[in-house]
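Engineer:
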Amino acid sequence: MNPVHLETLLAIVDEGSFEIAAAVLGVSPSAVSQRIKALEKETGRVLVRRTSPASATEAGQVLVQAARRMALLQAETRSRLQGRLERVPLSVAVNADSLATWFRPVLADVAGFEAATLRLHVEDEAHTLSLLRRGDVLGAITREATPVSGCDSTPLGIMRYRAVATPALRDAHTRGGVLDWATMPALRFGPNDALQDSDLEGRLDDSVRRHRAVSQIPSSEGFLEATRVGLGWSLIPELQAGPLLESGELALLDATVLQVPLHWQRWRLESELLERLTASVAAAASRLG
25 MNPVHLETLL AIVDEGSFEI AAAVLGVSPS AVSQRIKALE KETGRVLVRR
75 TSPASATEAG QVLVQAARRM ALLQAETRSR LQGRLERVPL SVAVNADSLA
125 TWFRPVLADV AGFEAATLRL HVEDEAHTLS LLRRGDVLGA ITREATPVSG
175 CDSTPLGIMR YRAVATPALR DAHTRGGVLD WATMPALRFG PNDALQDSDL
225 EGRLDDSVRR HRAVSQIPSS EGFLEATRVG LGWSLIPELQ AGPLLESGEL
275 ALLDATVLQV PLHWQRWRLE SELLERLTAS VAAAASRLG
């Protein structure tokens with residue numbers, strides 16, 4: 025297959041459109057379209073969904089994985105042969121809570137790699153693996169221990185969550201010494217946030233859950249602030265909640281600790297940068313215990 029055609033496919037998937045891919049590649053949109061048509065003719069498959077944003081079909085995802093592997097190895101090879109820095113893209117899927125807490129030292133490490141750029145895809149840890157399967161990323165923080173085909177899986181540790189709220193909100197919804205979970209307003213991170221539902225199992229039946237007052241705050245920092253000011257109760261990582269619990273701004277709602285095991289899955293590929301990235305992720309995750 026023509027490497028230029030694979031590079032073009034990867035640019036379309038990463039940028040989400042033929043036009044932006046053309047600008048990134050420095051060619052005309054017509055040239056991009058012709059390259060994809062040639063690749064589709066060669067494979068006998070439709071590879072790109074002409075939607076907004078553009079995305080790879082199932083057959084296209086197979087080629088995207090190959091293209092991303094090729095791009096990583098080519099960039100590393102050019103850097104070694106030419107004796108100059110070649111920007112190597114490292115695409116990683118990470119959940120928002122990890123990014124806001126233990127994952128941050130990875131950013132500093134990659135800054136010292138010199139020849140690397142980092143592209144983060146933020147998604148719930150229960151859904152990051154789909155990005156790895158599609159070839160959108162070369163590594164992912166995930167709940168799943170079983171490795172995706174062609175990948176290695178490394179356990180990172182346990183992310184621990186506690187149910188917290190402001191003391192005022194807790195007291196306002198405590199009757200006879202018992203917390204009323206049904207009436208207390210709650211917070212969710214986004215539509216894929218299943219942690220709270222898991223935490224409520226055994227406390228509320230499904231019919232009651234659907235009628236609660238729930239605010240959606242799709243930002244880790246905003247989510248923590250919304251909890252701190254009393255917009256609702258939430259599940260917060262212990263790493264984030266600790267200082268606010270110590271200051272008394274937040275209070276624990278019960279003794280339950282929700283534990284989420286995390287794993288690092290990455291392509292099984294001989295790449296110096298990927299090895300360094302893996303070592304960095306493992307070192308940063310030591311905070312999880």
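Counting with this note's numbering, you get residues 25 to 313 for the letters of the sequence shown. Quick reminder that beta carbons are idealized off the backbone N, C-alpha and C, glycines included.
DSSP three-state label for Ile241, please.
Structural biologist: For the purposes of this step, residue 241 is taken as residue 217 along the sequence shown, with counting starting at 1. Ile241 falls in the coil class under three-state DSSP.
Engineer: Taking its Cβ as the centre, do 16 or more other Cβ atoms sit within 10 Å of Ala309, making it buried, or is it exposed?
Structural biologist: Here residue 309 is taken as the residue at index 285 of the sequence shown, counted from 1. Around the beta carbon of Ala309, a 10 Å sphere encloses 16 or more other beta carbons of the protein chains shown; the residue is thus reported as buried.
Engineer: As a quick exercise: from Ala307, Glu296, Leu312, pick the residue whose alpha carbon is nearest that of Ser93.
Structural biologist: The residue you call residue 93 lines up with position 69 of the sequence shown. The displayed chain sequence assigns Arg, not Ser, to residue 93. Nearest option by C-alpha distance: Glu296.
Engineer: So Val146 and Ile260 are supposed to be a Cβ contact under 8 angstroms. How far apart are they, rounded?
Structural biologist: Here residue 146 corresponds to residue number 122 of the sequence shown, with the count starting at 1. Here residue 260 corresponds to residue number 236 of the sequence shown, with the count starting at 1. Actually they are not in contact, since the Cβ atoms of Val146 and Ile260 sit about 17 angstroms apart, beyond 8 angstroms.
Engineer: Quick one: does Leu293 have its CB under 7 angstroms from some CB of chain D?
Structural biologist: Absence of chain D from the displayed structure is noted, only one protein chain being present.
Engineer: For the beta strand (DSSP E) containing Ser54, name the first residue and the last one.
Structural biologist: The sequence position of residue 54 within the sequence shown is 30, counting from 1. Bounds of any beta strand (DSSP E) do not take in Ser54; it lies within the alpha helix (DSSP H) bounded by 53 to 67.
Engineer: Please confirm whether Arg290 and Thr302 have their CB atoms less than 7 angstroms apart.
Structural biologist: Numbered from 1 along the sequence shown, position 266 holds the residue referred to as residue 290. Numbered from 1 along the sequence shown, position 278 holds the residue referred to as residue 302. The Cβ-Cβ distance between Arg290 and Thr302 falls below 7 angstroms.
Engineer: Per DSSP, Ser79 is paired with what?
Structural biologist: Translated into positions along the sequence shown, residue 79 becomes position 55. BP columns for Ser79 point to Arg73.
Engineer: Cα separation between Val48 and Pro171?
Structural biologist: Working through the sequence shown from its first residue, we reach residue 48 at position 24. Working through the sequence shown from its first residue, we reach residue 171 at position 147. One Cα belongs to Val48, the other to Pro171, and the distance between them is close to 33 angstroms.
Engineer: Three or more C-beta pairs under 8 angstroms: does that hold for the stretch 179 to 186 against the stretch 276 to 289?
Structural biologist: yes
Engineer: Quick one: using the 10 Å Cβ neighbour count with 16 as the cut-off for buried, is Leu109 buried or exposed?
Structural biologist: As a working note, residue 109 is residue 85 in the sequence shown. Low confidence applies to Leu109: its pLDDT is 49, below 50, so where it sits in the model is not reliable, and the reading given next is rough at best. Leu109 is exposed by the Cβ-count criterion.
Engineer: What are the start and end residues of the alpha helix (DSSP H) that includes Leu301?
Structural biologist: As a first step, residue 301 is located in the sequence shown; it is residue number 277 there, counting from the start. Counting along the chain, the unbroken alpha helix (DSSP H) around Leu301 starts and ends at 296 to 308.
Engineer: What did DSSP end up calling Ser258 once you bin it into helix, strand or coil?
Structural biologist: Position 234 of the sequence shown, counting from 1, holds the residue named residue 258. The answer is strand: DSSP assigns Ser258 an E or B state.
Engineer: Note the first and the last residue of the continuous alpha helix (DSSP H) segment covering Ala206.
Structural biologist: Here residue 206 is taken as the residue at index 182 of the sequence shown, counted from 1. First-last for Ala206: undefined, no H or E at that position.
Engineer: Quick one, which of Leu123, Asp160, Pro113, Asp121 has its alpha-carbon nearest Thr141's?
Structural biologist: Against the sequence shown, residue 141 aligns to sequence position 117. The candidate whose alpha carbon is nearest that of Thr141 is Pro113.
Engineer: Have a look at Asp160, Asp148, Leu276, Ser41 and flag the residue whose alpha-carbon is nearest the alpha-carbon of Ala90.
Structural biologist: Counted from its first residue, the sequence shown places residue 90 at position 66. Per the Cα distances, Asp160.
Engineer: Look at the Cβ atom of Asp133, then the Cβ atom of Ser304, and state whether they are nearer than 7 angstroms.
Structural biologist: Residue mapping note: residue 133 aligns to position 109 of the sequence shown, counting from 1. Residue mapping note: residue 304 aligns to position 280 of the sequence shown, counting from 1. Inclusion of Asp133 and Ser304 in the CB contact set at 7 angstroms is warranted, their separation being smaller than that value.
Engineer: Any contact of the stretch 52 to 62 with the stretch 120 to 137, i.e. 3+ C-beta pairs under 8 angstroms?
Structural biologist: Contact check between the stretch 52 to 62 and the stretch 120 to 137: fewer than three CB pairs, one atom from each, fall below 8 angstroms, which does not count as touching.
Engineer: Let's see if you can read the secondary structure: which residues bound the beta strand (DSSP E) around Ser115?
Structural biologist: For the purposes of this step, residue 115 is taken as the residue at position 91 of the sequence shown. That run of the beta strand (DSSP E) goes 112 to 118.
Engineer: Is Gly163 buried or exposed, if buried means 16 or more other CB atoms sit within 10 Å of its CB?
Structural biologist: Taking the sequence shown and counting its residues from 1, the one referred to as residue 163 is at position 139. Buried, because 16 or more other Cβ atoms sit within 10 Å of the Cβ of Gly163.
Engineer: Are there any heavy atoms of the ligand ATP lying less than 6 angstroms away from the beta-carbon of Ala46, as far as the coordinates show?
Structural biologist: No copy of the ligand ATP appears in this structure; indeed no ligand is present at all.
Engineer: Here's the rule: buried if 16 or more other CB atoms are within 10 angstroms of the residue's CB, otherwise exposed. What is Leu152?
Structural biologist: Here residue 152 corresponds to residue number 128 of the sequence shown, with the count starting at 1. Sequence inspection shows Thr at residue 152; the Leu mentioned does not correspond to that position. Result: buried.
Engineer: Can the beta-carbon of Asp176 be found closer than 7 angstroms to that of Arg292?
Structural biologist: As a position in the sequence shown, residue 176 is number 152, starting the count at 1. As a position in the sequence shown, residue 292 is number 268, starting the count at 1. In contact: Asp176 and Arg292 (Cβ atoms closer than 7 angstroms).
Engineer: Gly163 by DSSP, collapsed to three states: which one?
Structural biologist: For the purposes of this step, residue 163 is taken as the residue at position 139 of the sequence shown. Taken through DSSP and simplified to helix, strand or coil, Gly163 comes out as strand.
Engineer: Write down the C-beta distance between Leu276 and Arg199 rounded to the nearest angstrom, noting that I regard them as a contact closer than 8 angstroms.
Structural biologist: The residue labelled residue 276 in the question sits at position 252 within the sequence shown. The residue labelled residue 199 in the question sits at position 175 within the sequence shown. Not quite, the Cβ-Cβ distance comes to about 18 angstroms (not below 8 angstroms), so this is no contact.
Engineer: Name the residue from Thr125, Ala169, Glu273 whose alpha carbon lies nearest to the alpha carbon of Ala250.
Structural biologist: Translated into the one-based positions of the sequence shown, residue 250 becomes position 226. Ranking the options by Cα distance to Ala250, first place goes to Glu273.
Engineer: Among the candidates Ser79, Leu155, Glu100, whose CA atom is the shortest distance from the CA of Phe137?
Structural biologist: Residue mapping note: residue 137 aligns to position 113 of the sequence shown, counting from 1. Of the listed residues, the one whose Cα sits closest to Phe137 is Glu100.
Engineer: Looking at C-alpha atoms only, which residue of Arg73, Glu262, Arg102 is the closest neighbour of Ser41?
Structural biologist: As a first step, residue 41 must be located in the sequence shown, where it is residue number 17. Distance from the Cα of Ser41 is smallest, within the candidate group Arg73, Glu262, Arg102, for Arg73.
Engineer: What is the residue span of the beta strand (DSSP E) that Ser173 lies within?
Structural biologist: Against the sequence shown, residue 173 aligns to sequence position 149. Looking at the DSSP string, Ser173 is not in any beta strand (DSSP E), and its letter there is neither H nor E.
Engineer: Taking the alpha carbon of Val281 as the reference point, which residue from Ala196, Ser258, Leu71 has its own alpha carbon closest?
Structural biologist: As a working mapping, residue 281 is identified with position 257 in the sequence shown. Out of Ala196, Ser258, Leu71, Ser258 has the C-alpha closest to the C-alpha of Val281.
Engineer: Output yes or no for whether 7 angstroms exceeds the beta carbon distance between Ala83 and Leu96.
Structural biologist: Mapped onto the sequence shown, residue 83 falls at position 59. Mapped onto the sequence shown, residue 96 falls at position 72. No. Outside cutoff.
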